[in-house]
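Taken in order, the sequence shown gives residues 3 to 265; the numbers are from this note's numbering. These notes concern the structure reproduced below.
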Amino acid sequence: MTANRKTALITGASGGIGEALARTLAQHGYNLILVARTMSKLEALGAELSAKNGVEAVGIASDLSAFDASEKLIADLETRKLNVDVLVNNAGFGEYGEFATGDPVKQQQMISLNILTLTMLTRHLLPKMLERKFGRVMNVASTAAFMPGPLMSVYYASKAYVLSFSEALGEELLNTGVTVTALCPGPTESDFQARAEMQDSKLFQGKTLMTAREVAAQGVAALERGQRVVIPGIMNQIQAQASRFLPRAIVPGIVKNVQARNH
Ligand SMILES: NC(=O)c1ccc[n+]([C@@H]2O[C@H](COP(=O)([O-])OP(=O)(O)OC[C@H]3O[C@@H](n4cnc5c(N)ncnc54)[C@H](OP(=O)(O)O)[C@@H]3O)[C@@H](O)[C@H]2O)c1
């Protein structure tokens, strides 16, 4: 890839918020490494963004919920001699329902994708960013990171990890030229709700959702500023912060009620 442009690696770039982030980063002139499982979508997106924005784009198919996914992806990048200046850990999913009856395989994959791969990709790519004295890491958390989430307990906890990890790492990296941004969207138009099988949840019903494009625009602006945490949308900011001012014991009950099935 041409050295005169910065290169951004985006996980989960085949749809939703990740695709929107790739589109925005391409408009800002970044070369792209697009990662997800669906190669046909990555290729089509890469070709479109190269033609529109004059950037280079490479697609890499990977199931990032596999235990050794980060090591394999890093080895692949090294073989192809691809440097990463901007790492966007976006791929993630949720599962709706009670923990005790949830699918244990899915629960494990969720922890692996939302937490393990995100952490280890950051760990492997950080040393070269520090050597170059430049790097941007953006981890996609959620407004779910700010509270416990009955009926999506593992998902909310995974996003609390992402937020905590990002804020702590950002502080460790002060004055190094490398910054960490936690992007915390609220409910957003994408395939997320269908994949989490939560169409019946009151959380989404009858609500106007933010578009992935709006979320991506605010996310990339924050990434470029090196902002620590960004919550797109004023209502999402209020909801995320509200839980801090309520007695801790009552928050899980409120969230459970908000997320309950609408029948
Ligand atoms: N939508 C919301 O309401 C919302 C709110 C807050 C936070 N978020 C967070 O935003 C991020 C993006 O979600 P989204 O809303 O854009 O959902 P989405 O439309 O379902 O997109 C998820 C992306 O992740 C990829 N992905 C899923 N499992 C993967 C795996 N095992 N290996 C590699 N890639 C995988 C998918 O591609 P393939 O299927 O091709 O692999 C897709 O590109 C997630 O971290 C999510 O938790 C979403």
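Beta carbons are placed, not taken as given, at the ideal position from N, Cα and C, and that holds for glycine. Computed from a prediction, not measured in an experiment: that's the story for all the values here.
Could you spell out the range, first to last residue, of the beta strand (DSSP E) harbouring residue i?
{"i": "N259", "result": "First-last for N259: 253 to 261, but that is the alpha helix (DSSP H), not the beta strand (DSSP E)."}
{"i": "G61", "result": "59 to 63"}
What residues in its chain sit with their C-beta under 6 angstroms from that of residue i, if we drop five residues either side in the sequence?
{"i": "A218", "result": "A22, L23, T26"}
{"i": "L89", "result": "L11, L127, V139"}
Would residue i be called buried (16 or more neighbouring beta carbons within 10 Å of its own) or exposed?
{"i": "S114", "result": "buried"}
{"i": "D193", "result": "exposed"}
{"i": "T210", "result": "exposed"}
{"i": "N116", "result": "buried"}
Could you tell me if the beta carbon of residue i falls within a distance shorter than 7 angstroms of some heavy atom in ligand 1?
{"i": "F95", "result": "yes"}
{"i": "K2", "result": "Outside the displayed span of the chain (3 to 265) sits residue 2, for which this structure offers no information."}
{"i": "K209", "result": "no"}
{"i": "D87", "result": "no"}
{"i": "T13", "result": "yes"}
{"i": "P150", "result": "no"}
{"i": "L115", "result": "yes"}
{"i": "R125", "result": "no"}
Quick check: what's the CA-CA separation for residue i versus residue j?
{"i": "A49", "j": "A59", "result": "7 angstroms"}
{"i": "R134", "j": "A214", "result": "31 angstroms"}
{"i": "G146", "j": "V139", "result": "The sequence shown places Ala at residue 146, not Gly. Each residue's alpha carbon lies about 20 angstroms from the other."}
{"i": "L175", "j": "T181", "result": "7 angstroms"}
{"i": "N55", "j": "L36", "result": "15 angstroms"}
{"i": "H30", "j": "A170", "result": "28 angstroms"}
{"i": "L225", "j": "F136", "result": "13 angstroms"}
Keeping to the same chain, check which residues put their C-beta closer than 7 angstroms to that of residue i; ignore five residues upstream and five downstream.
{"i": "H126", "result": "S72, I76"}
Would you give the residue range spanned by the alpha helix (DSSP H) that residue i belongs to?
{"i": "G20", "result": "18 to 29"}
{"i": "G221", "result": "214 to 227"}
{"i": "V107", "result": "106 to 113"}
Less than 7 angstroms separating the Cβ of residue i from some heavy atom of ligand 3?
{"i": "D70", "result": "Of the ligands this structure carries, namely ligand 1, none is ligand 3."}
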